[in-house]
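Numbering-wise (our numbering), the sequence shown opens with residue 40 and increments by one.
Notes follow once the structure below has been shown.
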Amino acid sequence: MSIVLARVDERLIHGQVALAWLREVDVDTVMVVDDESANDPLKKTLLEMAVSGRMKCLVKTTTDAVTYLEKHPSKKIFMCVKSPLVLENLMDNGVAIPKINIGGIYTREDRKQYFKTIFLTKEEKENLLRLETYPSEVFYQVVPRDDRIDILNELKKR
Numbered sequence: 040m041s042i043v044l045a046r047v048d049e050r051l052i053h054g055q056v057a058l059a060w061l062r063e064v065d066v067d068t069v070m071v072v073d074d075e076s077a078n079d080p081l082k083k084t085l086l087e088m089a090v091s092g093r094m095k096c097l098v099k100t101t102t103d104a105v106t107y108l109e110k111h112p113s114k115k116i117f118m119c120v121k122s123p124l125v126l127e128n129l130m131d132n133g134v135a136i137p138k139i140n141i142g143g144i145y146t147r148e149d150r151k152q153y154f155k156t157i158f159l160t161k162e163e164k165e166n167l168l169r170l171e172t173y174p175s176e177v178f179y180q181v182v183p184r185d186d187r188i189d190i191l192n193e194l195k196k197r
């Protein structure tokens, strides 16, 4: 299996990822899937530097991520994306993602708060709920020591 865990966090790689999650999960590669970052040399370099020395970091477009994952099925990958739509696109293209951690979708004027670090528009909530149609465990958890919350069931109640 390639992807051990995928995390939705608008900040992509930051302290919680580098210091908490990457110490908890057994992976050899961090993959950021974000078209904007993959096409911006400075952003790409900064993301790669965030895990420098600990393991390999790849910054890919969605299309390039699908191709890479097909060619490297033995890699153990921690994936970072900004939006659940990216994961939906990957899974629609045959990528298996067994565990999806919803970690941070942050405040904006047009978003409503659902959890400490989850703010969603109505459309974003609907997008997130669509993940239920895939064979993935989807949960909210800021850092590994926090309890896991079944975010999809909780969002249906609100």
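From the three backbone atoms N, C-alpha and C, an ideal C-beta is built for every residue, glycine too.
Along the chain, where does the beta strand (DSSP E) containing V72 start, and where does it finish?
For the purposes of this step, residue 72 is taken as residue 33 along the sequence shown, with counting starting at 1. Per DSSP, V72 belongs to the beta strand (DSSP E) from 68–72.
Can the beta-carbon of L170 be found less than 8 Å from the beta-carbon of L194?
Residue mapping note: residue 170 aligns to position 131 of the sequence shown, counting from 1. Residue mapping note: residue 194 aligns to position 155 of the sequence shown, counting from 1. No, these two residues do not count as a Cβ contact at 8 Å.
How many whole angstroms separate the CB atoms of C119 and V181, which I take to be in contact at a CB cut-off of 8 Å?
Counted from its first residue, the sequence shown places residue 119 at position 80. Counted from its first residue, the sequence shown places residue 181 at position 142. That belief does not hold up - the Cβ atoms of C119 and V181 are roughly 14 Å apart, past 8 Å.
Residue environment, N140, which counts as buried when at least 16 other CB atoms sit within 10 Å:
Here residue 140 refers to the residue found at position 101 of the sequence shown. Buried.
Taking C-beta to C-beta, are V66 and K110 nearer than 8 Å?
Locating residue 66 in the sequence shown gives position 27, where the first residue counts as 1. Locating residue 110 in the sequence shown gives position 71, where the first residue counts as 1. Cβ distance not < 8 Å, so V66 and K110 don't count as in contact.
Please state if the CB of K83 and the CB of A89 are separated by a distance shorter than 8 Å.
Here residue 89 refers to the residue found at position 50 of the sequence shown. Here residue 83 refers to the residue found at position 44 of the sequence shown. Taking 8 Å as the Cβ cut-off, A89 and K83 do not qualify as a contacting pair.
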